[in-house]
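Here is the structure we will look at, set down as structure tokens.
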Amino acid sequence: MTQIGANAEARFWFKWVIGNALASALGLFIASQVAMVFYVLGFMISGLGHSTAIQTVFSLVFLGIMFAVYGFFLGLGQWIILNLRVPTTRYWFWLSSLGWGIIGCRSSVGIYPDLSAIAAAILFGGSSGFIVGFTQWLVLRRMVTSAGWWPGISAIGYTIGYALPAWINLHEIVVGDELFLAIELGQIIAIAITGLGLLWMVKPLKSSPSLAA
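Take the sequence shown: its letter number 138 is residue 156 in this note's numbering, and every next letter is one higher.
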């Protein structure tokens, strides 16, 4: 690889990491505002004494929408950066939102309660990365010949990214508000790994006029 090519790859990776980090922060902020609305609704529902089934459905819808909102803005940021290298379509951020929404719905029923914190983080991170990677693969496969690797790359990135904060919390390396920084670090690690995966995957592109939508 020439020096110019290496510099271009490094610039793309850097933009991917920074763009994802900013989009993730925006998504978390918007999702937190949505959560506040649902919190008030949930308080009203619990005060009316509705059945456990109704409260369970409410929790599923609440987490599904909150995660989907986060995924939309994260996917939007990814789409902007990815378009610098691959001519993707708007379906990328809609399908990213769908993937994160599925993760949110799954979270409402509990996450591996019988496992240790690290084991649960590894399983949750890996499965979450795979789900989002699969929904994004539905777009990426039409333009990248090696797109089949993407769900696995995403799963690896989020496995490591979710396991790190769990390990830090277990060993009490940081506590309280500092744990938030560990979670953000884990997210950035996941983003960095997926960025490296993209650099490896994106070679010759398969163009398709039908994807101009």
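From the three backbone atoms N, C-alpha and C, an ideal C-beta is built for every residue, glycine too.
All values derive from a computational prediction rather than experimental measurement.
Residues near residue i in its chain [Cβ-Cβ closer than 6 Å; skip 5 each side]
i: I140; result: T177, A181
Own chain, CB closer than 7 Å to residue i, minus 5 neighbours either side, in chain order
i: I191; result: Here I191 scores only 45 on pLDDT, less than 50, and its place in the model should not be relied on; the value that follows carries that caveat. None.
i: T212; result: I171, S172, G175
i: I136; result: A181, A184, W185, L188
i: A210; result: V35
i: I48; result: V87, F91
Chain-order list of residues whose beta-carbon lies under 8 Å from that of residue i (same chain, five-residue window excluded)
i: G119; result: G82, I83, F85, A86, G89
C-beta atoms of residue i and residue j nearer than 8 Å
i: S172; j: V157; result: no
i: R103; j: F30; result: yes
i: I99; j: G144; result: no
i: G204; j: G179; result: yes
i: L216; j: W97; result: no
i: F56; j: F80; result: yes
Test: residue i CB closer than 8 Å to a CB of chain B
i: I98; result: Of the protein chains in the structure, only one exists, and it is not chain B.
Cβ separation of residue i and residue j, assumed to be a contact under 8 Å, to the nearest whole Å
i: P169; j: F142; result: About 16 Å separates the two Cβ atoms, so there is no contact after all.
i: L116; j: T153; result: 5 Å
i: V75; j: V162; result: Incorrect: roughly 38 Å between the Cβ atoms, too far for contact.
i: A39; j: I207; result: The pair is not a contact, with the Cβ atoms about 11 Å apart (cut-off 8 Å).
Can at least three beta-carbon pairs, one atom from the segment 43–60 and one from the segment 99–117, be found at a separation below 8 Å? no
Tell me the start and end of each unbroken alpha helix (DSSP H) in the segment 110–175 that is at least 4 residues and wholly inside, in chain order. Runs of the alpha helix (DSSP H) spanning 4 or more residues and lying entirely within the segment 110–175 occur at 135–158, in chain order.
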